[in-house]
Each structure stands twice: as structure tokens, then as C-alpha cells.
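A.B. asks: In the numbering used here, the protein residues as written are 4 to 176.
We put the CB at the ideal spot given by N, CA and C, even for glycine.
Quantities reported herein were computed from a predicted structural model and do not represent experimental measurements.
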């Protein structure tokens with residue numbers, strides 16, 4: 004299903020058009036501010052409301068509400084569900100000072116071909132990729148599964164700084 008959605012978003016014109024005035028598409032009102040984008044490269048992507056994107060690259064991806072992408076993040080062919088709530092700047096600073104991972108995607112993290120469920124905390128310098136095309140893997144203790152070759156980061160999962168999800172689906176810290 005994610006491959007079908009991904010391919011339909013990439014097509015020019017897309018198979019399903021979110022912005023067609025004859026068939027409007029509405030979401031529930033969330034009363035969120037507009038997304039803040041600072042020095043980012045965004046190509047063929049959909050960015051929801053209330054996101055913070057800083058000096059990152061988003062290609063062929065969907066970024067859900069309240070998502071946070073820090074400097075140096077590369078998101079490609081990914082669906083990020085977003086978050087149910089915000090963390091304040093002081094909460095984020097406190098988390099980082101304590102060695103914890105705040106909600107969102109940390110600095111210099113590279114993610115390819117992935118579904119990131121809500122409230123996921125992905126640390127700094129993480130690599131999530133499936134270059135060898137592993138079809139199925141179960142790693143719930145590390146916060147992810149691989150299904151049909153797509154890495155799925157679990158809801159409320161924490162992927163620690165420096166984690167590398169290798170091609171053979173093992174995790175190295």
C-alpha cells in the first residue's frame with residue numbers, strides 16, 4: 004500500500020489530486036500554525052501543518068503534523084506520520100542535555116524508504132536504510148520492523164543517537 008501511495012504522489016500529474024477544487028480533500032481542524040521551513044531542499048513532497056524543518060532535505064516524502072526535522076536530515080521516499088503533541092524548545096534542550104532523544108528526527112540523520120509512526124524519537128547521526136532489500140525482519144526492541152522491504156519505525160519508538168539499521172536488518176550502536 005505504501006508503494007502505491009508513494010508512486011501515486013510521484014506521478015505527474017498525480018493519480019489522486021489533493022488540490023482539485025471539484026473534489027476537495029479536508030482534514031479535521033487542528034488549529035496548528037503554518038510549517039516553518041529554514042534553508043531546506045524540498046522536492047515532490049507534502050508537508051503538513053505545524054512542522055519545523057531546519058536545513059534538511061525532503062524528497063518524495065510525506066511529512067505529518069508537528070514533525071521536527073533538524074539540520075542535516077535527509078528524508079527520501081518516506082512517510083512520517085508526525086506527532087500528537089509539541090515539545091517546547093526548553094524540553095528539547097533538557098532532553099538533549101540528559102542524553103535523551105526528543106520527538107522528531109535529529110541532526111545529520113539519513114532515512115530512506117521508511118514509514119515513521121507517530122511520536123517517534125529518532126536521534127542524531129542515525130542511518131535507516133535497507134540497501135540490500137531485506138523483505139521481512141522483526142526488531143521491536145530496537146523500535147522497528149521491516150515489512151515488504153520497507154522499514155517501519157514503531158509508534159513512540161526511540162532510535163538512539165548513532166544507530167545504524169544495516170542492510171541485513173541488524174542494529175549496531
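#1: Suppose contacts are defined by Cβ-Cβ distances below 7 Å. Is residue 188 in contact with residue 163 by that definition?
#2: Hey, residue 116 and residue 80 are a contact pair by Cβ (cut 8 Å); roughly how many whole angstroms apart?
#3: For residue 43, I'd like the list of residues in its chain whose CB is within less than 6 Å of its CB, leaving aside the five on either flank, ordered along the chain.
#4: Measuring CB to CB, does residue 50 end up less than 7 Å from residue 66?
#5: Within the 7 Å Cβ cut-off, does residue 122 reach chain B?
#6: Answer yes or no: do residue 48 and residue 74 have a C-beta to C-beta separation smaller than 7 Å?
#7: Do you know how far the Cα of residue 35 is from the Cα of residue 166?
#8: Between the alpha carbons of residue 40 and residue 54, how many angstroms are there, rounded?
#9: Rounding to the nearest angstrom, what Cα-Cα distance links residue 153 and residue 109 in this structure?
#10: Taking the C-alpha atoms as reference points, what is the distance between residue 85 and residue 122?
#11: Figure out for me which residue from 155, 92, 134 has the closest Cα to the Cα of residue 105.
#12: Mind listing, in chain order, the continuous alpha helix (DSSP H) runs of no fewer than 4 residues lying wholly within the region 86-114?
#13: Do you know how far the Cα of residue 72 is from the Cα of residue 142?
#14: Mapping DSSP to helix, strand and coil, what is residue 41?
#15: Which of helix, strand or coil does DSSP assign to residue 116?
#16: Measure the beta-carbon distance from residue 168 to residue 118 and round it to whole angstroms, keeping in mind my assumption that it falls under 8 Å.
#17: When burial is assigned at 16 or more other CB atoms within 10 Å of the CB, is residue 146 buried or exposed?
#18: Is it buried or exposed, residue 136, if we count other Cβ atoms within 10 angstroms and call 16 or more buried?
C.D. replies: By the coordinates alone:
#1: Given that the chain is displayed from residue 4 to residue 176, the structure contains no residue 188 and the question cannot be resolved.
#2: Indeed, because the Cβ distance is near 5 Å, the residues count as touching under 8 Å.
#3: The beta carbon of residue 43 sits closer than 6 Å to the beta carbons of 56, 59 from its chain, once the five residues preceding and following it are set aside; these are given in chain order.
#4: Cβ distance < 7 Å, so residue 50 and residue 66 count as in contact.
#5: No chain B appears in this structure, which consists of one protein chain only.
#6: Residue 48 places its beta carbon 7 Å or farther from that of residue 74.
#7: So the alpha carbons of these two residues sit roughly 32 Å apart.
#8: One C-alpha to the other measures close to 8 Å.
#9: Roughly 21 Å separates the two Cα atoms.
#10: Our two residues, residue 85 and residue 122, have alpha carbons roughly 6 Å apart in a direct line.
#11: Checked all of 155, 92, 134; the closest Cα to residue 105 is 92.
#12: The DSSP assignment places 92-100 as complete runs of the alpha helix (DSSP H) inside the region 86-114, in order along the chain (cut-off: 4 residues).
#13: Rounded to whole angstroms, the gap between the alpha carbons of residue 142 and residue 72 is 24 Å.
#14: In the structure shown, residue 41 falls within a strand segment according to DSSP collapsed to helix, strand and coil.
#15: In the structure shown, residue 116 sits in a strand (DSSP, three-state: E or B).
#16: In fact, because the Cβ distance is near 13 Å, the residues do not count as touching under 8 Å.
#17: The residue is buried, with at least 16 neighbouring Cβ atoms inside 10 Å.
#18: By the C-beta density criterion, residue 136 is exposed, having fewer than 16 other C-beta atoms within 10 angstroms.
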